[in-house]
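Colleague:
Number of protein chains: 2
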Amino acid sequence: MAITTCIFDAYGTLFDVSAAARQAAAEPGGEKLAEHWPQLAADWRAKQLQYSWLRAITGDHTDFWSVTQDGLDWALEAHGLAGDAALRERLLALYWRLQAYPEVPQMLARLKQAGLNTAILSNGSPDMLAGAVQSAGLSELLDDVLSVESVGIFKPAPQVYDLVLQRFGVAKAHVLFVSSNGWDAGAAAAYGFATAWVDRAGEPVDRLPGRPDHILPDLVTIPELARG
Amino acid sequence: MAITTCIFDAYGTLFDVSAAARQAAAEPGGEKLAEHWPQLAADWRAKQLQYSWLRAITGDHTDFWSVTQDGLDWALEAHGLAGDAALRERLLALYWRLQAYPEVPQMLARLKQAGLNTAILSNGSPDMLAGAVQSAGLSELLDDVLSVESVGIFKPAPQVYDLVLQRFGVAKAHVLFVSSNGWDAGAAAAYGFATAWVDRAGEPVDRLPGRPDHILPDLVTIPELARG
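Chains as they are written, first to last, in full-length UniProt numbering: chain A, 1 to 228; chain B, 1 to 228.
1. Rounded C-beta distance between B/Ser122 and B/Leu111? I'm assuming under 8 Å.
2. Along the chain, which unbroken stretches of the beta strand (DSSP E) at least 3 residues long are found entirely within the region 89-157 of chain B?
3. Please confirm whether A/Trp197 and A/Pro156 have their CB atoms less than 9 Å apart.
4. Is it buried or exposed for B/Asp16, if we count other Cβ within 10 angstroms and need 16 for buried?
5. Provide the residue span of the beta strand (DSSP E) that contains B/Ala196, from first to last.
6. Under the DSSP definition of a beta bridge, which residues are partnered with A/Leu163?
7. At a CB-CB cut-off below 7 Å, which residues of chain A make contact with B/Pro156?
8. Taking buried to mean at least 16 other C-beta atoms within 10 Å of its own C-beta, is residue 253 of chain B buried or exposed?
9. Taking the Cβ atom as the reference point for each residue, do A/Leu14 and A/Leu219 lie within a distance shorter than 9 Å?
10. Check the Cβ-Cβ distances between B/Trp37 and every residue of chain A, and say whether any is below 9 Å.
11. Is there a C-beta anywhere in chain B that falls below 9 Å from the one on A/Arg207?
12. So, with DSSP's three-state summary, where would you put A/His174?
13. What did DSSP end up calling B/Ser179 once you bin it into helix, strand or coil?
14. Alpha carbon to alpha carbon, what distance is there between B/Pro105 and B/Leu142?
15. Nearest-angstrom Cα distance between B/Glu31 and A/Gln50?
16. Helix, strand or coil for B/Leu208, going by three-state DSSP, please let me know.
17. Could you check how far apart the C-beta atoms of B/Leu208 and A/Leu54 are, in whole angstroms? I think they sit under 8 Å.
18. Per DSSP, B/Ile215 forms a beta bridge with which residues?
Here is the structure:
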């Protein structure tokens, strides 16, 4: 079935979530992160996601910026850096303008040239996403940026994926959903989208009810996939 | 307010979930686990929990034994052990009869001597829990074993915690809920139980809406806490 609409997860998929800790470690004063920034970034990300899922289950929604700060506070404490207010502020500032993966601009440009709809569907709050999209120079390459804030619950709640159908007026099978998060790709597949999981870390596929249709090492071949 | 009822999480709290991988590594033929059984156990546990949360959000419930196998399959593949059917079966068999932490029998006996209600409230399926309780010799020390299977959704959905009130006919504030899982203790605190988080690994407290009332290194002092 012809794909008309390509929807991208943001954090981890278009934007490199470990970039904030990596950049902070490379700056003057970042020596304290030299050894353990990869683990700090992984712990931060794991807690950010964990808190988003737990809040989706209990109905205690808050926005993703709060959850991002909560995850960072846990991770800083776990690494003995809880009192370092300057480091906390620096990491949050860098998270606000994460680097996009290098293949992203050309990949999106090719989708637009092919006449496809392009959008982000993300847990991120609208202001976080606006900051990241703008600093990565992607504004002109995306038709829309959809945030879970308009439904008040995090992924993978089905009402989040519904936002795509409402925005673009398309059937599920005409949507290619792309995520580097295995759980997000799995849920989108179970929901009924065509899905591509970008397995940047070479991890096993998640054992969830939905399985992604495509497993890719990066985003380079998305335009070929989308055009069938 | 007087505590009348002590409710325990099972996996990680009464039963040592890393015991299966640790034991398998120590057995003849377990040399392949020698180096990385702690990481295998951690990955298995992380995916087991992740899949339980994701299924709670999407409404795709299955029982915890299925989720336990799914998590193990992911972890075995991640450690290059996906084809080892004998190891898989051995780890699952050991999971069915996990060791209780050493302080558990006496702690429960003291609660019963003090006239308190005692029970498990767990994600585990009834047959998994029956296996673990029996092999650890705890059957006589627990008034009941409550499983999420009776409501068909995993923790921390509020209807799981409701099972305690329904079973014992008590108000929330008379319940002491004990868990080594920070997210479970946090959710139980937000729900309205008095809570104790058993922080066996010395981790930071989770940044969730509910905070545990007590943070303990193990279960030894639970009887003192419960009797105020």
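Backbone N, C-alpha and C fix where the C-beta goes; we use that ideal spot for every residue, glycine too. If you're wondering where the values come from, they're calculated on a predicted model, not measured in any experiment.
Modeller: Quick answer:
1. Not a contact, Cβ separation roughly 17 Å.
2. 117-122 and 144-147
3. no
4. buried
5. Ala194 to Val198
6. Its beta-bridge partners do not exist; DSSP assigns none.
7. Leu54, Ile57 and Thr58
8. Residue 253 of chain B is absent from the model: chain B starts at 1 and stops at 228.
9. yes
10. no
11. yes
12. helix
13. strand
14. 10 Å
15. 33 Å
16. coil
17. 6 Å
18. B/Trp197
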